[in-house]
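Visitor:
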Amino acid sequence: MIDLKKVLDKLGIAELNAMQEEMADAMLSGRQDVVLLSPTGTGKTLAYLLPLVQMLQADLDEVQALVVVPGRELALQSHEVMRSMGTSLRSAACYGGRTAMDEHRKLREVKPQIVFGTPGRLNDHIDKGNINGYGIRYVIIDEFDKCLEMGFHDEMSRLLKKLPGVSRRFLLSATDAEQIPHFVQLDRARRLDYLVEEEQVSERVEVYEVKSPVKDKLETLKSLLCQIGDSQSIVFLNYRDAVERVDSYLRRQGFATSAFHGGMEQKQREDALYKFANGSANVLVSTDLASRGLDIPDIQNIIHYHLPLNEQEMVHRVGRTARWDKSGRTFFIVGPEECATFNVLCKTSAKRLSTHGAQESEQARAQCSTFEVPLPRMATIYIGKGKKDKVSKGDIVGFLCKKGGLEPTEIGRIDVMDRYAYVAVSRPKLQQVLRLTKGEKIKGIRTIVEPVK
Numbered sequence: 091m092i093d094l095k096k097v098l099d100k101l102g103i104a105e106l107n108a109m110q111e112e113m114a115d116a117m118l119s120g121r122q123d124v125v126l127l128s129p130t131g132t133g134k135t136l137a138y139l140l141p142l143v144q145m146l147q148a149d150l151d152e153v154q155a156l157v158v159v160p161g162r163e164l165a166l167q168s169h170e171v172m173r174s175m176g177t178s179l180r181s182a183a184c185y186g187g188r189t190a191m192d193e194h195r196k197l198r199e200v201k202p203q204i205v206f207g208t209p210g211r212l213n214d215h216i217d218k219g220n221i222n223g224y225g226i227r228y229v230i231i232d233e234f235d236k237c238l239e240m241g242f243h244d245e246m247s248r249l250l251k252k253l254p255g256v257s258r259r260f261l262l263s264a265t266d267a268e269q270i271p272h273f274v275q276l277d278r279a280r281r282l283d284y285l286v287e288e289e290q291v292s293e294r295v296e297v298y299e300v301k302s303p304v305k306d307k308l309e310t311l312k313s314l315l316c317q318i319g320d321s322q323s324i325v326f327l328n329y330r331d332a333v334e335r336v337d338s339y340l341r342r343q344g345f346a347t348s349a350f351h352g353g354m355e356q357k358q359r360e361d362a363l364y365k366f367a368n369g370s371a372n373v374l375v376s377t378d379l380a381s382r383g384l385d386i387p388d389i390q391n392i393i394h395y396h397l398p399l400n401e402q403e404m405v406h407r408v409g410r411t412a413r414w415d416k417s418g419r420t421f422f423i424v425g426p427e428e429c430a431t432f433n434v435l436c437k438t439s440a441k442r443l444s445t446h447g448a449q450e451s452e453q454a455r456a457q458c459s460t461f462e463v464p465l466p467r468m469a470t471i472y473i474g475k476g477k478k479d480k481v482s483k484g485d486i487v488g489f490l491c492k493k494g495g496l497e498p499t500e501i502g503r504i505d506v507m508d509r510y511a512y513v514a515v516s517r518p519k520l521q522q523v524l525r526l527t528k529g530e531k532i533k534g535i536r537t538i539v540e541p542v543k
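The numbering of the sequence shown is this note's numbering, which starts it at 91 and goes up by one.
1) For Lys348, report the span of its beta strand (DSSP E) as first-last.
2) With respect to 7 Å, is the separation between the Cβ of Ser257 and the closest non-hydrogen atom of the ligand GTP below this value?
3) With DSSP as the reference, label Ala454 as helix, strand or coil.
4) Tell me the rounded alpha-carbon separation between Phe242 and Val159.
5) Over what stretch of residues does the alpha helix (DSSP H) that includes Met109 continue unbroken?
6) By the DSSP assignment, the beta strand (DSSP E) with Tyr298 in it spans what residues?
7) Straight-line CA distance for Val523 to Val300?
8) Does DSSP put Asp470 in a helix, a strand or coil?
9) Three-state secondary structure (DSSP) at Ile393?
10) Using the C-alpha atoms, what's the distance from Gln402 back to Thr431?
11) According to DSSP, is Ala165 helix, strand or coil?
12) Let's test the definition: count the other Cβ atoms within 10 Å of the Cβ of Val481 and tell me whether it reaches 16, buried, or not, exposed.
13) Mind checking if Val539 is an interface residue toward chain D, Cβ cutoff 8 Å exclusive?
14) How big is the Cα-Cα spacing for Phe326 and Pro129?
15) Locate the beta strand (DSSP E) running through Tyr228, then write down its first and last residues.
16) Beta carbon of Arg280, beta carbon of Gln122: below 8 Å?
17) Report yes if the C-beta distance between Ile392 and Thr411 is below 8 Å; otherwise report no.
18) Out of curiosity, what's the CA-to-CA distance linking Glu105 and Met113?
19) Taking DSSP as the reference, what is the three-state secondary structure of Arg281?
20) For Pro271 and Cys237, I'd like the C-alpha separation in whole angstroms.
21) Going by DSSP, what residues sit across from Ser516 in a beta bridge?
22) With DSSP collapsed to three states, give me the class of Ser567.
23) Just list the residues that DSSP pairs Gly418 with in beta bridges.
24) State the start and end residues of the unbroken alpha helix (DSSP H) segment that holds Cys491.
25) With H, G and I counted as helix, E and B as strand and the rest as coil, what does DSSP make of Val424?
26) Hey, out of Lys365, Val295 and Val171, whose CA is closest to Thr420's CA?
27) Compute the beta-carbon to beta-carbon distance between Gly476 and Val506, rounded to the nearest angstrom, for a pair I have assumed lies under 8 Å.
28) Locate the alpha helix (DSSP H) running through Gly210, then write down its first and last residues.
29) Rounded to the nearest angstrom, what separates Ser181 and Gly255 at their Cα positions?
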């Protein structure tokens, strides 16, 4: 039996919010399917995971629940949340961008009761017999509005037809779908609606309009980033090539950035998110790929370099800030021909913020002109040894303190993978660490230590 209080203590949560309590009651006490609508940042992942782990059999070594997600980032993130709960249940994440054979080996090794995955990859594993579709009792469709869009429609239909043993379905989203297709087969679904009518942006988010005097907004963006300082910011654009262009420009100006879009290799995307999440990059330049599924808790600023294509995407973008009970800010950079579009799109009252002429903006522009841009406190290093080499987080802390000359307070987040590790270290000490650890051994094994750029 899962000790819920112990799980909550491990997660650092004092009590569940009203939405999570009602979702838990609906899943544990009822027999109906459930549709949950709740704003981003309210804890929907835990809302279904906390009751779900109480519904599964830990002593049964087969997949009992599938969590279907629209993208690999949400699959990985949900998998990490599950692992952080510290239950005896096991989980795995399956998604495109890596070989299915590697995932098959992992599934055989882990024997998960829960699998988080994208529709296409889940179909592949069930077709090959890597996942037994007959043993699955529960299906959760997270971000169901996105999963049920045209791009996923056929794959979702094929997937659900392969799960004859499913007894209940749970759908979750921050925005409603116009129509739920017949193949989802909801049976007298209970609907839990926590969306506030007409509320585009949480009252905990300050909204700003920033005028760009010219169509090319690069200089305005640069001034804005200097003005708001070193807090974590996501800059949203509508196109992949625009992401590359803006990211390259900001890097040339001296900013510590991460670029993120669907055209990048999986390893590049993971590196980008890791640097942003551990504080060694304070600007994430991204397409709307980052508007869903990312749960990085301390993002203070959402910047719309390109205006969102529709209101729904705006809601998801802004939802990356003010998570749980925190506050945040969102900035719309409005070009000379975009005023009418902005007024139609954003119905929330916006404050005007000038990046030209005000005293503080002049200071910010002067700061940027001498390349004294706001840099993050941390930098990320790669260490070429991991779990398979019997290297632990404690070993890495000892190595960096003894060989790299760091204090424990100068070491941040550590993630140890099978064959390598990522570590956040104090940015002013980065070159010292690289110099002192060159050619050194960790646990008697010579290793590579290099910066993640």
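The beta-carbon is built from N, C-alpha and C at its ideal position, and this holds for glycine as well.
Guide: Concretely, from the data shown:
1) The question names Lys, yet the displayed sequence has Ser at residue 348. Where Ser348 is concerned, the enclosing beta strand (DSSP E) stretches over Thr347 to Phe350.
2) Among the components modelled here there is no ligand, and therefore nothing to report on the ligand GTP.
3) Since pLDDT at Ala454 reaches only 49, below the 50 mark, its modelled position is unreliable, and no value is offered.
4) 10 Å
5) Ala108 to Ser119
6) Val295 to Lys301
7) 40 Å
8) The sequence shown places Thr at residue 470, not Asp. Here Thr470 sits in strand by DSSP.
9) strand
10) 15 Å
11) helix
12) buried
13) Among the chains of the structure shown, chain D does not appear; only one protein chain is present.
14) 19 Å
15) Tyr228 to Asp232
16) yes
17) yes
18) 14 Å
19) strand
20) 11 Å
21) Met468
22) In the structure as shown, the chain begins at 91 and stops at 543. Residue 567 is therefore absent and cannot be evaluated.
23) Val295
24) Lys483 to Lys492
25) strand
26) Val295
27) 5 Å
28) Pro209 to Asp217
29) 20 Å
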